[in-house]
Every structure is written in C-alpha cells, then in structure tokens.
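Novice: Mind having a look at this structure? Questions to follow.
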Amino acid sequence: MTDAGQEHALAVDGLHKEYPMPGGGRLTAADAVSFTVPAGGSLGIVGESGSGKTTVARMLVGLVRPDAGAVRVAGRLRETRTPRGASARLARAREIQMVFQDPYVSLDPRLTSRQCLTTALRLHGRDDSLADGLLDRVGLGARESGARPHGMSGGQRQRLAIARALAVDPKVLVLDEAVAALDVSIQAQILRLLGEIRRDTGVALVFVSHDLAVVRHITDEVLVMRRGIVVEQGPTDGVLAAPDHPYTRRLLASVPRPGWDPAAVVGA
Amino acid sequence: MTAPTLAPVGGPRSRQPLGVRVAGGFLVLVVLAAVLAPFVAPYAPDAIDLSASLVGTSGDHLLGTDSSGQDLLSRVLYGARTSLIAPVLLLGLAALLGVTLGTLAAWRGGWVDTLVSRITDVMYAFPGLLFTVLIIAVFGAGMTTSVLALGLAYTPTVAKYTRSVALAECRKPYIDAYRVQGMGGARICALHLVPNLGRSVVGYLVVLFGEALMSLATLSYLGFGAQPPSSDWGLMVQEGQAAVVQGALLPALVPGVAIALVVVSFNVVGVRAADRLGSGR
C-alpha cells in the first residue's frame with residue numbers, strides 16, 4: 001500500500017477556494033485543506049460560521065469548483081468540473097452524496113417520499129422496489145411513504161433526505177449541518193440512525209457542524225477550521241479533551257455548561 | 001414566512017370574498033354560453049334579416065339587432081367562443097416560449113441570461129401593439145396572425161416573470177440535491193424545476209388572460225384581427241359604431257359590456273388565483 005489513496009474511502013489533498021469580495025479583495029474560504037477518511041470512518045469538520053466548512057463540503061460533492069487541490073474517492077481522482085456524459089456523471093454521484101442542512105427546502109415539494117426515492121433509484125438504473133427497504137431503513141412508515149414534505153416533521157424530512165442520499169449507494173456521505181435545524185431529541189435519533197447506517201453499510205461520513213457535542217458523538221476524527229485554514233486535526237476525543245490550538249480551546253469554552261461564564265469567553 | 005394572521009388560512013374549500021365568487025360565477029356562465037351557444041342562441045350568429053335592422057330590445061330579439069338585422073344576443077353568445085379560445089391559444093404560445101426562455105436564462109446564467117434579458121428588454125421597450133401591427137402588416141390580417149403575433153408580444157412578459165421565479169427556485173437546495181444525484185441540467189429543469197414553477201406561472205397567466213382578451217379585441221376593433229362575418233366581440237363593437245350615430249346604442253354597447261365584464265372578472269379572479277397559487281404550498 002504505497003499509494004495512500006488506496007486504503008481511504010476519501011482522500012482530500014490541498015483543497016483551495018477563494019471568492020472575490022464586493023469592493024475588491026479576495027476571501028479565502030478554504031486554504032490547503034487536506035484529510036483522509038477510511039472506509040466506514042467518520043470525520044467531523046468544525047468551526048464557527050464563515051470558517052469555510054460548508055465550502056469544503058460543497059467542494060467535496062462538486063457543487064463548488066475548487067481553485068486547487070484534489071479529491072480522491074477509493075483512490076480515484078474526482079474531476080473538478082461536472083462531467084458531460086450521463087454515465088460519468090452518475091458514476092461520480094455514486095462516490096459522494098450529501099445531506100443538506102435544512103430539510104424544509106432540500107426536498108422537492110411536489111414529490112412524495114416514495115417518489116423522491118424512486119426518482120433517485122431510477123436515475124441510477126436501480127429497482128423501484130428498493131425504495132421500501134430504504135424507507136424502512138431510515139424509520140419511515142407507510143404513512144410517510146405517501147406523504148409530501150410539507151406533511152412531514154423536520155425529523156421525518158431529514159430521514160427522507162438521508163434515505164435519498166443512500167438510494168445512490170455512495171461510498172462517502174457528506175452531512176452539512178444535517179441536524180442543526182432539528183430539535184435536540186430529534187437530533188439524537190438522527191445521530192443514532194447515522195451511526196447504525198455507518199456500521200451496517202460501511203459508508204464513510206463527513207460531518208460538517210458547528211456543534212461540538214454532535215461531533216463528539218458521531219466522529220472518530222475531527223478537523224477544526226478557522227477562516228478557511230485547518231488549525232487543528234486529530235482523533236476527536238484527543239482534540240476535544242486536550243486542544244492544542246487556542247481557537248479550539250475558545251470554541252470548546254463557548255459551549256454552555258453548568259457554571260459557564262459567557263463574559264470570560266468573549267473577553268478571552 | 002408570511003405575516004401572521006388571525007383569519008383562518010384558506011383550504012381549497014374555504015369561502016372566497018363575494019367579489020371573487022360573483023366574478024367566478026359569471027365566468028362559468030360565459031364558458032357555458034360559449035360551449036352551449038348552438039343550443040341557447042335563438043338565431044344563427046350570421047343570420048341576416050334586413051327587415052329587422054336595428055330593432056331595440058323586444059321579445060324576438062332580447063338584446064336587439066345590428067344594422068344587418070343579426071340578433072345581438074346570438075352573436076354575443078357565439079362571440080364568447082373566439083373571445084375565450086383565442087386568449088388561451090395566445091397565452092399557450094407565450095407560455096411555451098416564455099417559460100422555456102425564462103428557465104434557460106435563470107438556469108444557465110452568464111451570457112445566456114444576458115442575451116435573453118437584453119432581447120426581452122428590447123421587446124419591452126417596443127410597444128406591444130406596434131409590434132403586433134408590424135407582424136400583421138407583414139403576414140396579413142386575420143385571427144391566426146393576431147394570435148401568433150400577440151403570442152410573441154406576450155412572450156417577453158412571461159419570460160421575465162418565469163426568470164425571476166426560476167432564479168429563486170434554483171437557489172433552493174433540492175435543486176442542488178438533484179445535481180449531487182448526478183441528474184443532468186436539462187432533466188432537472190424539465191422534470192423538476194419547471195413543474196415547481198407551474199403554480200406561480202399559471203397564476204400569472206390567469207392575470208394576463210383579461211389583458212390578452214382586451215388586446216385581441218383591440219386588434220379586431222382596428223380590423224387586424226377577426227374578419228366579418230365573425231361574431232368576435234371586438235369586431236362587433238367596430239361594426240356597431242356606425243349605428244351609434246343613428247341613435248342605436250345596443251350594437252356597440254352589448255359586445256362592449258361583454259368585453260368589460262369578462263376582463264374585469266378575469267382580473268378579480270386572476271389576482272386572487274395568483275395570490276393563492278404563487279405563495280401557497
């Protein structure tokens with residue numbers, strides 16, 4: 001195994017993205033972001049708003065074109081621009097799928113849960129009947145199967161969004177603040193579901209979140225970003241227990257807990 | 001999202017304001033009149049009876065006759081057909097072209113958007129009636145040419161509206177989700193984006209209907225649209241004008257009132273429909 005990419009489900013090397021700012025100047029949204037995730041592994045990307053974590057997530061799935069850097073899935077380099085041909089596009093989709101932040105707008109309002117899944121299944125030449133198994137897998141029943149998004153709760157919609165991503169049978173699943181819009185109790189259910197899916201399917205998870213408690217719960221490794229730069233990365237337990245970088249320490253200190261003093265955080 | 005309101009949010013069966021119900025009821029009557037004209041009209045629309053020229057309201061002719069002795073009630077009933085079908089065809093053409101162009105502009109952005117937007121701007125700057133008359137001057141008068149010309153004249157309006165709603169829709173993450181799934185742009189637009197615009201676009205077309213009917217009547221009145229012996233309302237107003245001088249108001253008044261009532265009704269219903277279709281989910 002000389003080629004490091006071979007053993008990893010996802011290998012990201014030197015991703016870089018700049019945006020022109022209104023009134024001149026450039027904003028570096030991501031600078032030299034590199035990490036790897038083993039098959040069945042789970043990586044968290046944390047940081048405050050504007051740290052560039054969502055840009056990284058969107059570059060992974062190809063919604064944003066990186067200025068530089070490479071993304072490899074199971075050793076295969078992903079093209080930075082969307083391929084022209086349908087078969088290349090579909091093959092690319094089977095590498096990485098994404099679950100979006102807000103399930104209220106990430107589902108097609110016209111389609112029932114089942115139609116939402118069969119659309120994805122048909123696109124990839126898979127059988128419609130797999131939809132029932134997927135709905136069952138994410139804990140949606142017969143009632144939800146015929147319901148449209150506006151007839152479902154936030155948690156149910158996010159379950160459907162996860163099922164839709166799984167319909168393609170991806171190697172990597174990117175979750176961009178996937179539980180941020182949900183109630184805390186629903187968050188726990190969704191996180192448990194994701195843990196089960198990861199165990200059962202061996203899909204690698206990339207979990208983008210501002211919520212350290214969520215990241216602690218679901219990831220093996222963590223990457224801390226600030227202003228587009230990775231300031232710290234390593235095993236989740238280690239980084240969160242003994243952070244090296246002052247920014248990580250401040251991020252941890254910002255989590256409310258008993259005896260917590262907001263003034264001390266802001267003053268630091 | 002929307003302002004909080006204490007009024008019950010309307011379901012499909014909720015009661016509409018009185019004006020909307022009256023206007024809607026009237027439009028249903030007009031549609032029925034158009035469909036059932038051969039059965040309810042007392043005379044053929046083009047039956048000439050010179051002995052009964054310009055009679056006022058009477059038992060034989062409820063709304064009187066025109067200078068050729070044609071029964072005005074029968075003509076107005078038959079005229080509802082052209083008056084309703086022609087705007088549907090015209091708006092159908094405008095919707096086909098406008099939605100295609102507007103969606104293309106919103107989806108592709110860049111130079112495609114610039115090109116489409118500039119073309120619609122230029123057509124906007126050009127008075128619609130002038131544009132239509134220009135096309136008719138080239139291709140000849142008649143109902144078909146009028147419908148085609150007005151269809152083209154309404155295209156930029158529909159394209160501009162579609163572009164604006166499509167831009168907002170494209171930003172929704174479910175469109176990104178289709179991209180991430182590996183779906184091609186053409187397929188996303190045709191199968192998922194445009195159907196999701198359907199409600200707003202249809203609401204907008206209903207509002208445009210009254211205006212389109214008016215434009216067609218104007219063309220017919222000017223002699224560019226329907227040709228005699230058609231019982232088109234615009235043409236009837238024009239034919240009835242001469243009788244006004246002779247003291248008979250009905251030949252111009254009857255079709256004129258018909259146009260006014262239908263246009264007003266469509267506007268009342270259309271504004272309501274656009275409100276509900278555009279925002280409601």
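Going down the list, the protein sequences come from chains L and Y. Mind the numbering: the first sequence is residues 1 to 268 in our numbering, read in order. Mind the numbering: the second sequence is residues 1 to 281 in our numbering, read in order. Backbone N, C-alpha and C define an ideal beta-carbon position, used for all residues, glycine too. From a predicted model like this one, the values you see are computed outputs, not experimental measurements.
(1) Determine, using beta carbons only, whether Y/A177 comes closer than 8 Å to chain L.
(2) Evaluate Y/Q238 with the Cβ neighbour count: other Cβ atoms within 10 Å of its Cβ, from every protein chain shown; 16 or more gives buried, anything less gives exposed.
(3) Can you check DSSP and say which residues form a bridge with L/D176?
(4) Rounded to whole angstroms, what's the CA-CA distance from Y/Y161 to L/E95? Just pull it up for me.
(5) Does chain L have any CB closer than 8 Å to the CB of Y/V180?
(6) Are the C-beta atoms of L/R226 and some chain Y residue less than 8 Å apart?
(7) For Y/I85, does the count of other Cβ atoms within 10 angstroms reach 16, so buried, or fall short, so exposed?
(8) Taking all protein chains shown into account, decide if Y/V268 is buried (16 or more other Cβ within 10 angstroms of its Cβ) or exposed.
(9) Mapping the DSSP letters down to three states, classify L/T219 as helix, strand or coil.
(10) Given that L/Q97 touches chain Y, what residues does it touch there, using C-beta distances under 8 Å?
(11) Give, in chain order, every unbroken run of the alpha helix (DSSP H) that is at least 4 residues long and sits entirely within the segment 207–270 of chain Y.
(12) Closest to L/T76 by C-alpha separation, out of L/V12, L/M98, L/V64, would be which residue?
(13) Establish whether the CB of Y/G110 and some CB of chain L are separated by less than 8 Å.
(14) Chain Y beta carbons: is any one of them nearer than 8 Å to that of L/A120?
(15) Does the beta carbon of L/P20 sit closer than 8 Å to a beta carbon anywhere in chain Y?
(16) So for L/T82, helix, strand or coil by DSSP?
(17) Can you give, in chain order, each stretch of the beta strand (DSSP E) that sits fully within the segment 110–181 of chain L and has at least 3 residues?
(18) Within the continuous alpha helix (DSSP H) that includes Y/Y154, where are the two ends?
(19) Would you decide whether Y/Y124 is buried or exposed? Buried here means 16 or more other CB atoms lie within 10 Å of its CB.
(20) Please report the distance separating the alpha-carbon of L/K273 from that of Y/L129.
(21) Using a Cβ-Cβ cutoff of less than 6 Å, which residues in the same chain neighbour L/K53 once the five nearest sequence positions on both sides are dropped?
(22) Which of helix, strand or coil does DSSP assign to Y/L32?
(23) Is the Cβ of L/A263 closer than 8 Å to any Cβ of chain Y?
(24) Leaving out the 5 sequence neighbours to the left and right, which residues in its chain are closer than 6 Å to L/R148 when beta-carbon positions are compared?
(25) For Y/N196, return the contacting residues in chain L, with the cut-off set at a CB-CB distance below 9 Å.
(26) Can you check whether the CB of Y/V206 is closer than 8 Å to the CB of Y/A274?
(27) Relative to the alpha-carbon of Y/L249, which residue among Y/T65, Y/I48, Y/R118, Y/A153 has its alpha-carbon at the smallest distance?
(28) Residues of chain L with a CB under 8 Å from the CB of Y/G203: which are they?
(29) Is the Cβ of Y/G280 closer than 8 Å to any Cβ of chain L?
(30) Using C-beta distances below 6 Å, list every residue in its chain close to Y/L6, excluding the 5 sequence neighbours before and after it, in chain order.
(31) Which residue wins for smallest C-alpha separation from L/A93, given the options L/A30, L/A167, L/T201?
(32) Using a Cβ-Cβ cut-off of less than 8 Å, give me the residues of the segment 145–172 of chain Y that come near chain L, in sequence order.
(33) Pick out whichever of Y/V76, Y/L73, Y/S74, Y/L54 has its Cα sitting closest to the Cα of Y/S67.
(34) Just to make sure I have the definition right: I need the residues of chain Y whose C-beta is within less than 8 Å of the C-beta of L/A102. Which are they?
(35) Rounded C-beta distance between Y/Q181 and L/L123? I'm assuming under 8 Å.
(36) When you compare only the Cα positions, how much space is there between Y/A212 and Y/R276?
Specialist: Looking at the coordinates:
(1) By one-based count along the second sequence, residue 177 of chain Y stands at place 177. Yes, Y/A177 counts as interfacial toward chain L.
(2) One-based indexing of the second sequence puts residue 238 of chain Y at position 238. When all chains shown are included, Y/Q238 counts as buried.
(3) Numbered from 1 along the first sequence, position 176 holds the residue referred to as residue 176 of chain L. L/D176 is bridged to L/V208.
(4) The residue you call residue 161 of chain Y lines up with position 161 of the second sequence. The residue you call residue 95 of chain L lines up with position 95 of the first sequence. Distance between the alpha carbons of Y/Y161 and L/E95: 38 Å.
(5) Indexing the second sequence from 1 puts residue 180 of chain Y at position 180. Yes, contact with chain L.
(6) In the first sequence, the residue the question calls residue 226 of chain L occupies position 226. No, L/R226 does not count as interfacial toward chain Y.
(7) By one-based count along the second sequence, residue 85 of chain Y stands at place 85. Y/I85 should be labelled exposed.
(8) As a first step, residue 268 of chain Y is located in the second sequence; it is residue number 268 there, counting from the start. Buried, because 16 or more other Cβ atoms sit within 10 Å of the Cβ of Y/V268.
(9) Looking up residue 219 of chain L in the first sequence gives position 219. Residue state, collapsed to three classes: coil.
(10) Residue numbering aside, residue 97 of chain L sits at position 97 when the first sequence is read from its first letter. Residues of chain Y passing the Cβ test: V180, Q181.
(11) Every alpha helix (DSSP H) of 4 residues or more that sits fully in the segment 207–270 of chain Y is shown, in chain order, as 233–245.
(12) Position 76 of the first sequence, counting from 1, holds the residue named residue 76 of chain L. As written in the sequence, residue 76 of chain L is Arg, which differs from the Thr given in the question. Ranking the options by Cα distance to L/R76, first place goes to L/V12.
(13) On the second sequence, position 110 is the one that residue 110 of chain Y refers to. With 8 Å as the cut-off, Y/G110 does not count as an interface residue toward chain L.
(14) Start at 1 with the first residue of the first sequence, and residue 120 of chain L comes out as number 120. So, interface residue.
(15) Taking the first sequence and counting its residues from 1, one reaches residue 20 of chain L at position 20. For L/P20, the answer is no, since every Cβ of chain Y falls outside 8 Å of its Cβ.
(16) Taking the first residue of the first sequence as position 1, residue 82 of chain L is located at position 82. Coil at L/T82, not helix or strand.
(17) 172–176
(18) As a first step, residue 154 of chain Y must be located in the second sequence, where it is residue number 154. Residues 143–170.
(19) As a first step, residue 124 of chain Y must be located in the second sequence, where it is residue number 124. Counting Cβ neighbours within 10 Å, Y/Y124 comes out exposed, since fewer than 16 surround it.
(20) Residue 273 of chain L lies beyond the stretch modelled for chain L, which goes from 1 to 268, so this question has no answer here.
(21) Looking up residue 53 of chain L in the first sequence gives position 53. Cβ within range, chain order: I45, G47, V208, M225.
(22) The count along the second sequence starts at 1 and reaches residue 32 of chain Y at position 32. Y/L32: helix per DSSP, three-state reduction.
(23) Taking the first sequence and counting its residues from 1, the one referred to as residue 263 of chain L is at position 263. L/A263 does not count as touching chain Y.
(24) Taking the first residue of the first sequence as position 1, residue 148 of chain L is located at position 148. So the list reads T112, once near-sequence residues are dropped.
(25) In the second sequence, the residue the question calls residue 196 of chain Y occupies position 196. D108, P109, R110, listed in chain order.
(26) For the purposes of this step, residue 274 of chain Y is taken as residue 274 along the second sequence, with counting starting at 1. For the purposes of this step, residue 206 of chain Y is taken as residue 206 along the second sequence, with counting starting at 1. In this structure, Y/V206 lies closer than 8 Å to Y/A274 by Cβ.
(27) As a first step, residue 249 of chain Y is located in the second sequence; it is residue number 249 there, counting from the start. Comparing Cα positions, the closest option is Y/T65.
(28) Here residue 203 of chain Y refers to the residue found at position 203 when the second sequence is read from its first residue. Ordered by position in chain L, no residue passes the 8 Å Cβ test against Y/G203, which lies about 16 Å from the chain.
(29) Numbered from its first residue, the second sequence carries residue 280 of chain Y at position 280. With a pLDDT of 43 at Y/G280, under the threshold of 50, the modelled position of that residue is not reliable, and the figure given next carries that caveat. No, because no Cβ of chain L sits closer than 8 Å to the Cβ of Y/G280.
(30) Translated into the one-based positions of the second sequence, residue 6 of chain Y becomes position 6. Note on Y/L6: pLDDT 47, under 50, position unreliable in the model; no value is reported.
(31) As a first step, residue 93 of chain L is located in the first sequence; it is residue number 93 there, counting from the start. Considering only alpha carbons, the answer is L/A167.
(32) K172
(33) Working through the second sequence from its first residue, we reach residue 67 of chain Y at position 67. The residue with the shortest Cα to Cα distance from Y/S67 is Y/L54.
(34) By 1-based counting over the first sequence, the position of residue 102 of chain L is 102. The identity of residue 102 of chain L in the sequence shown is Asp, whereas the question assumes Ala. Residues of chain Y whose Cβ lies closer than 8 Å to the Cβ of L/D102 are, in chain order, P173.
(35) Residue numbering aside, residue 181 of chain Y sits at position 181 when the second sequence is read from its first letter. Residue numbering aside, residue 123 of chain L sits at position 123 when the first sequence is read from its first letter. Right, the Cβ-Cβ distance comes to about 6 Å (below 8 Å), so this counts as a contact.
(36) By 1-based counting over the second sequence, the position of residue 212 of chain Y is 212. By 1-based counting over the second sequence, the position of residue 276 of chain Y is 276. Those two C-alpha atoms are separated by around 21 Å.
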